[in-house]
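Add 75 to a position in the sequence shown, counting from 1, and you land on the number used in the numbering used here. We treat Cβ as the ideally placed atom computed from N, Cα and C, and that holds for glycine. All values reported here derive from a predicted model rather than from experimental measurement. Accompanying notes for the structure given below.
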Amino acid sequence: GSDKIVNNFEIEQNRAVYTIEAFNHLSKLYNIQAIVIGADNLKSIQKWRDFEALNSKVKWIVISRPNEPLETSALREFYVVPIEINISSSEIRNGKKLDFVDSAIKKQVLKEYNLLKNSESQ
């Protein structure tokens, strides 16, 4: 389904939280099947703390922009979702109006993820 979960675990830590740490905590509470990342993370993902452990547990949904080169060889299982919206996470953090972006990205990611799930069940 399209259930949404908001969890403030990372905020409550009052420090930087590694993805593996958040995953380990949240996977005790929820059935986490995938992690969504921007394609820019691919450049350094193998340097992430406990990347191999995380990589063995999840599917990756990689959000890419048009004409952006993707180096996905480190990912065990992944699906690329091309997003045609010209906005960066920096713009989001700086408060750019997101009314049009949120629904467009959500719709595209859910559509692509459902295609991925459906192809696995065949």
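Short CB-CB distance (under 7 Å) between residue i and chain C
i           : result
residue 178 : The structure shown has no chain C; it contains just one protein chain.
Residue i and residue j closer than 7 Å at C-beta
i           : j           : result
residue 129 : residue 95  : yes
residue 134 : residue 146 : no
residue 91  : residue 121 : no
residue 131 : residue 155 : no
residue 114 : residue 143 : yes
residue 101 : residue 107 : yes
residue 199 : residue 137 : Lying before the first or after the last residue shown, residue 199 is absent from the chain, which here runs from 76 to 197.
residue 93  : residue 124 : yes
For residue i: DSSP bridge partner residues
i           : result
residue 110 : 135
residue 84  : Answer by DSSP bridge pairing: none, since residue 84 is not bridged.
residue 153 : 135
Residue i classed as buried or exposed, judged by whether at least 16 other C-beta atoms fall within 10 angstroms
i           : result
residue 117 : buried
For residue i, the three-state DSSP class (helix, strand or coil)
i           : result
residue 145 : coil
residue 159 : coil
residue 115 : helix
residue 122 : helix
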